[in-house]
Amino acid sequence: MENCIFCKIAEKKIPSTAVYEDDELLAFKDINPAAPVHLLVIPKQHFATLQDAAGEPELLGKMLALAPRLAEEAGCAVGYDADGKPVRGYKTLINSGPDGGQEVYHLHLHVIGGAHPWRGQR
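Sequential numbering of the sequence shown, starting at -4, is according to the working numbering.
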């Protein structure tokens, strides 16, 4: 896609702060973070929406499976205190289409976490 900002980031035509890269995926810091940790995971191949990638279950699984690793590296992975109670955490989010709040039409997975308060802030 000629005018897709995420394609340009994947092609290194626009700089990003990458935190992970392989042959299929790129993960980088969001330039307008909604939380202390806000990462985006994109496929290097262009898919406008999640619906468009529905025939790529291996790629989608790889994107989702990367989230815990990125959260761990960013310091927001779920852990447990001495009583076994969960601490920290993150959320994953894929917006799809206009009613789903998608702003950039290149499939991307948000990994959002860090110390509160950050809910609802942008």
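Cβ coordinates follow ideal geometry from the N, Cα and C atoms, glycine included.
Here the structure is a predicted model, which means the values were calculated and not measured.
| Query | Result |
| --- | --- |
| Stretch pair the stretch 73 to 83 + the stretch 33 to 50: three plus CB contacts closer than 8 Å | no |
| Cβ-Cβ separation, LEU65 to TYR128 (assumed contact under 8 Å), whole Å | This structure cannot speak to residue 128, because the chain is shown only from -4 to 117. |
| Rounded separation between GLY95 and HIS105 - CA only | 14 Å |
| 8 Å contact criterion, which GLY108 and TYR85 should meet: CB distance rounded | 3 Å |
| LEU20 beta carbon less than 8 Å from that of LEU55 | no |
| CYS(-1) to ASP25 span [Cα, whole Å] | 16 Å |
| Per-residue DSSP class, three states only, for ALA43 | coil |
| Pairwise C-alpha distance: ALA110 and THR44 | 30 Å |
| Contacts around SER11, its chain only, beta-carbon distance under 6 Å, and the 5 residues preceding and following it disregarded | ILE4 and PHE23 |
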